[in-house]
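The opening position of the sequence shown corresponds to residue 1 in UniProt numbering, with each subsequent residue numbered one higher. All residues carry an ideal CB built from backbone N, CA and C; glycine is no exception. Keep in mind that this is a model prediction, so the values were computed, not measured.
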Amino acid sequence: MTIIDDLKAINKDINKAKDWEQMVQRAKYWIVRLKNIYPDYEFKAYFKPLHDKNDIFIDYEVKEVY
1 MTIIDDLKAI
11 NKDINKAKDW
21 EQMVQRAKYW
31 IVRLKNIYPD
41 YEFKAYFKPL
51 HDKNDIFIDY
61 EVKEVY
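Shown next as structure tokens:
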């Protein structure tokens, strides 16, 4: 699997949560896991306020190499 496939599956998992607190807990959990699996990437969680529900998703950037 690639990092893009992993993030798609993780974002689906986060959105399956019942309420906002569970979504935040899952996002924190997955960010820690992703940092351990892919140390060369920087992960951030974003949220989109929607009309009926807030949406959290994780995105990544490649860390700068000096």
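Query	Result
Pull up the distance between the alpha-carbon of A45 and that of V65, whole angstroms please.	22 Å
Can you give me the C-alpha to C-alpha distance between F47 and D55, rounded to a whole angstrom?	5 Å
What residues in its chain sit with their C-beta under 6 Å from that of I14, if we drop five residues either side in the sequence?	M23, R26, A27, I56
Compare the Cα-Cα distances from K18 to each of N36, K53, I58 and report the closest residue.	K53
Smallest Cα separation from T2: which of Y41, Y29, W20?	Y41
Hey, out of L34, H51, K12, K8, whose CA is closest to V62's CA?	L34
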